[in-house]
Amino acid sequence: MEFFDKIYAIILKDLKQWFRNPFLIIIAVAPLLLILGFIGGFLTRAETLPTGVILEDNDTIALELKDYLVNAESGSYIKWFEVRDLSPKDIEQQFLEGAILCYIVLPANLSSQLVTNNTAAIEVKINNINDDVTKNVLQRVSNACNYVNNNLTINSTTYYTPKINYQKVVPTDISFTAYTCASICALAILLSSGVNTATTTSYEFERNTSKELLLAGSPAEIVTGKILVSIIQTLIIFGTILLVAFLLFGFVPSGNIFFLIFLVLWGAITFASVGFLAATVIRHIIPSAVSILILNIVGWWIGGGLIPPEVTTGFIHVLSYLWPGTYFIRMFTNSILLGWINTPTLWVDFVVTGLFGLVTYTTAIYLFLKQVKK
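Sequence positions in the sequence shown follow my numbering and run 27 to 400.
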């Protein structure tokens, strides 16, 4: 019973310190809110690539071609739409400003041009942001023209143009916004658990109470208390970030809620060790918290924060797999977006993060005891 009383005392003391010092909460929450704000202000706008279709008249074939393009299910996040109530000057201005990725002009009298001249020019103007997007636009226009021209009869000759019918045979791609919200939720777990443990432990060194803490409880009681405090703080911050992601972007986890809670606890327990280690080495609240802040944000950036680490190349690819947080981010984002999927990769992620936590805790406890003895 004495064991639990000492743990309870540690939890109560650390939580009081946390709630009484707004800076400790801000340093853990503010970076996450800023990243979410950056997504809302810029990155989500870049997710949809608007492509305008301009009609110079209401020719029958032009209308059919427009309908085919606008209703096409395009990849590369391209959104086709009919341009209305805009002058050619306004369209060109929006194109130059990047508000419109591409625009296509369907000329007037398209039907008569096809009958009399056998050919008709369709202007396509595009900002080549990457080759895949450009190829997608050109393929769609080409396929639309083939679709409209099929069985076209000119001077008593019927032309059969090859065409491709695009059909959905796979689920809709996960949007960039959903993926990034999921990865930021993973970052919230890593960041809050590390920063909170670093600040509460550094507080003991700054106030010269680390020796009293050790005299009042065994290393097992101290570590258990710090871990439980980290879990409580991480759950609060994770819940806050998840709520903000829902309010801003409508993001809702699609995985099993109980498994997600388990992953939150797993991440809080495992990566609180990083904060414990940083505190025993640095022994000051602000420097230790900032070091954890930088480490986790940089690790998130290169380890799957914006794109899965599997698609990176070169030095970044190698570096991403050297940071254990990459394995947790991958495990958590896959689970929150796709649900429980029992794969070898999932178990590799569990083993790597678990071993990392075990080694880090062992090192941190050794350094903590060594520092207190001094």
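Each residue gets a CB set at the ideal place from its N, CA and C atoms; glycine is no exception.
Treat the numbers as computed from the prediction; the structure is a model and nothing was measured.
Contact check for residue 308 against residue 218 fails: the beta carbons are separated by 8 Å or more. By the neighbour-count criterion, in which a residue is buried when 16 or more other Cβ atoms sit within 10 angstroms of its Cβ, residue 371 is exposed. Linking residue 313 to residue 300 through their CA atoms gives a straight-line distance of about 14 Å. The beta carbon of residue 216 sits closer than 6 Å to those of 297, 322 and 351, all from its chain and outside the five residues before and after it, given in chain order.
DSSP, reduced to helix, strand and coil, places residue 325 within a helical segment of the structure shown.
Contact between residue 387 and residue 302 holds, since their C-beta atoms are separated by about 7 Å, short of 8 Å. In the pairwise beta carbon analysis, the stretch 27–46 is classified as not touching the stretch 200–209: fewer than three pairs are separated by under 8 Å. In the DSSP assignment, residue 362 falls within the unbroken alpha helix (DSSP H) covering 351–364. Excluding residues up to 5 positions away in sequence, 76, 77, 78, 79 and 96 lie with their Cβ nearer than 8 Å to the Cβ of residue 107 in the same chain. Secondary structure of residue 79 (DSSP, three-state): strand. In the DSSP annotation of this structure, the continuous segment of the beta strand (DSSP E) that includes residue 107 starts and ends at 104–108. It is roughly 10 Å from the alpha-carbon of residue 389 to the alpha-carbon of residue 395.
Excluding the 5 residues flanking it on each side, residue 234 has no same chain C-beta neighbour closer than 8 Å.
Residue range 128–132 is occupied by the beta strand (DSSP E) that includes residue 130. Contact between the stretch 316–330 and the stretch 351–369 is present: three or more C-beta pairs spanning the two stretches fall below 8 Å.
Annotation: the continuous beta strand (DSSP E) that includes residue 149 extends over 149–152.
Within the model, the alpha-carbon separation for residue 290 versus residue 367 is close to 17 Å. Between residue 263 and residue 214 a beta carbon distance of about 6 Å is seen, short of the 8 Å cut, so the two are scored as contacting.
Rounded to whole angstroms, the gap between the alpha carbons of residue 273 and residue 62 is 11 Å.
For residue 287, the three-state secondary structure derived from DSSP is helix. In this structure, the CA atom of residue 276 is about 39 Å from the CA atom of residue 84.
Looking at 374, 254 and 162, the one whose alpha-carbon comes closest to that of residue 295 is 254. The residue from 136, 347 and 121 with its alpha-carbon nearest to that of residue 87 is 136. Check the Cα spacing between residue 92 and each of 124, 167, 151 and 159: the tightest is with 167.
Inclusion of residue 129 and residue 109 in the CB contact set at 8 Å is warranted, their separation being smaller than that value. For residue 231, the uninterrupted alpha helix (DSSP H) run begins and ends at 202–232, by DSSP.
Taken through DSSP and simplified to helix, strand or coil, residue 302 comes out as helix. Residue burial annotation: residue 331 is buried, with at least 16 other C-beta atoms found within 10 angstroms of its C-beta. Of all alpha-carbon atoms in 121, 270, 133 and 355, the one lying nearest the alpha-carbon of residue 336 is that of 355.
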